[in-house]
Amino acid sequence: MHIQRSFTAKNTGTLYLVPTPIGNLEDMTFRSIRILKEEVAVIASEDTRNTQKLLNHFEIGTKQVSFHEHNSQERIPYLLELLENGKSIAQVSDAGMPSISDPGKDLVRAAIEADLPVVSLPGATAGVTALIASGISPQPFLFYGFLPRKSSEQKAVLAELAERKETLIFYESPYRLKKTVALMTEIFGGERRAVLCRELTKLYEEYMRGTLSELNDFFAEHSVKGECCLVIAGNDRPQQADSAYAELGVKAHVEHLMAEQGITSKEAIKQVAKLRALKKQTVYRAYHDLSEEY
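The numbers in the UniProt record's numbering rise by one with no breaks, and the one at position 219 of the sequence shown is 219.
Right, dumping it as structure tokens:
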């Protein structure tokens, strides 16, 4: 066990995790501006060009270094060396809280392992911003973020989430939105309440509230632009016959029935589909790890 006292004087620098606006620049906090302007020697940015626009707006002249998924492992030793030499660092993503959809978590883990202080600043985050205005129960909720890119992996993930009672939060690209909503309609059921939150905090902010079937019908004929967040109601009528299976993934559930009952995979797939209220094809794909892509 280790206890971090964030603001006790040390000879090292501090890693600050600094949120940035998800659209509206007025959502930048006074504290975040002060940290970026006065407290850190370097800003580790997911996209230095994007962050420079923010820094220019608030007249912040602090040096940037790029820190993204393609160079994170080679950058981490350099950033740790700065911290160990007493220089504080801010890590920022393109929008919202760092570490959610960027490699910040690796830097945080490395700093903790090196006994260097890590301080998170509160600020804008799209998932919770969308959730509290969605009209769907805000708690409990499960934040998933971006689904896998492969269709078969998406289906397996959604099949495992289909029985969850928590409200589900997803991020999605506008280019994949149509197929994702169609897949959710197939696996979760068209009657499930859903909200698409688009362009949060920006001029064209929009909430589309309805059922998955209604959203699916709309996107069959319309396209949308901008950053998208999907909030999906939890399953208020879970169909699993045996709660002992609740923690099993779809593939593990099939394998469990095969071993327990001595049946074929075909028969086990039929049973799992019925127990979980899923289509047999969905269970079949999850069990066989099919690698179909869009």
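Where a beta carbon is used, it is the ideal one built from N, C-alpha and C, also for glycine.
The model shown is predicted, which means the values in this text are computed figures rather than measured ones.
Residue i, buried or exposed, once every other Cβ within 10 Å from all chains shown has been counted against 16
i, result
"residue 314", "No information on residue 314 is available, as it lies outside the stretch 1 to 294 that the chain covers here."
"Glu260", "exposed"
"Arg198", "buried"
"Ile132", "exposed"
"Tyr175", "exposed"
"Ala90", "buried"
"Leu107", "buried"
"Ile187", "buried"
"residue 335", "There is no way to answer for residue 335, as the model of the chain reaches only from 1 to 294."
"His58", "For the sequence presented, residue 58 should be read as Phe rather than His. Exposed is the call here."
"Leu25", "exposed"
"Asp115", "exposed"
"Asp242", "Bear in mind that the predicted position of Asp242 carries a pLDDT of just 49, short of 50, making it unreliable; the figure below should be weighed with that in mind. Label assigned to Asp242: exposed."
"Ala220", "exposed"
"Gln281", "exposed"
"Gln4", "exposed"
"Ser6", "exposed"
"Arg192", "buried"
"Pro140", "exposed"
"Gly86", "exposed"
"Asp289", "exposed"
"Pro138", "exposed"
Anticipated Cβ contact below 8 Å, residue i with residue j, distance rounded
i, j, result
"Glu227", "Leu203", "13 Å between Cβ atoms; not a contact."
"Ser88", "Thr14", "5 Å"
"Asn50", "Arg164", "Their Cβ separation, rounded to whole angstroms, is 34 Å, which puts Asn50 and Arg164 out of contact at 8 Å."
"Val18", "Leu36", "6 Å"
"Val250", "Thr167", "Not a contact, Cβ separation roughly 21 Å."
"Val40", "Tyr16", "6 Å"
"Gly190", "Tyr171", "With 8 Å as the limit, Gly190 and Tyr171 do not qualify as a contact, their Cβ atoms being about 22 Å apart."
"Leu215", "Val181", "5 Å"
"Ala156", "Ala286", "4 Å"
"Ala130", "Ile169", "7 Å"
Pick from the options that is closest to residue i, judged by C-alpha positions
i, options, result
"His8", "Val224, Val119, Met208 and Ile132", "Position check: residue 8 holds Thr in this sequence, whereas His was assumed. Closest by alpha carbon: Val119."
"Gly23", "Gly249, Ile169 and Gly123", "Gly123"
"Gly104", "Ser137, Glu69 and Ser152", "Glu69"
"Gly210", "Gly135, Leu161, Gln281 and His222", "Gly135"
"Lys225", "Arg192, Ile33 and Ser173", "Ser173"
"Ala194", "Asp217, Tyr207 and Ala233", "Ala233"
"Ala162", "Pro148, Leu183 and Arg149", "Leu183"
"Ser45", "Ser152, Thr20, Glu206 and Met258", "Thr20"
"Ile76", "Asp217, Arg109 and Gly127", "Arg109"
"Gly127", "Lys63, Met97, Ser152 and Ile112", "Met97"
"Glu153", "Leu248, Met1 and Val283", "Val283"
"Leu82", "Asp94, Ala111 and Leu196", "Ala111"
Three-state secondary structure (DSSP) of residue i
i, result
"Ile136", "coil"
"Glu161", "The displayed chain sequence assigns Leu, not Glu, to residue 161. Looking at Leu161 - three-state DSSP - the assignment turns out to be helix."
"Ala268", "helix"
"Leu248", "coil"
"Met258", "helix"
"Ala194", "strand"
"Tyr204", "coil"
"Phe209", "What sits at residue 209 in the sequence shown is Arg, not Phe. It is a strand residue."
"residue 375", "The chain is shown only over 1 to 294; residue 375 falls outside these bounds and no answer can be derived."
"Val283", "helix"
"Val224", "coil"
"Gly145", "strand"
"Thr20", "strand"
"Asp242", "In this prediction, Asp242 scores a pLDDT of 49, lower than 50, which makes its location untrustworthy; no coordinate-derived value is stated."
"Thr167", "strand"
"Ile263", "coil"
"Leu230", "strand"
"Tyr294", "For Tyr294, the predicted structure reports a pLDDT of 31, less than 50, and the residue's modelled location is therefore unreliable. The matter cannot be settled from this model."
"Glu26", "helix"
"Leu15", "strand"
"Glu172", "strand"
"Phe218", "helix"
"Leu275", "helix"
"Phe7", "coil"
"Ile38", "The question names Ile, but residue 38 is Glu in the sequence shown. In this structure, Glu38 counts as helix in the three-state DSSP scheme."
"Met184", "helix"
"Arg237", "coil"
"Glu199", "coil"
"His2", "coil"
"Gly189", "coil"
"Asp289", "coil"
CB contact below 8 Å: residue i versus chain D
i, result
"Gly13", "Although the question refers to chain D, the structure presented lacks it and comprises just one protein chain."
What are the complete alpha helix (DSSP H) segments, minimum 4 residues, inside the segment 43-112?
48-57 and 72-84
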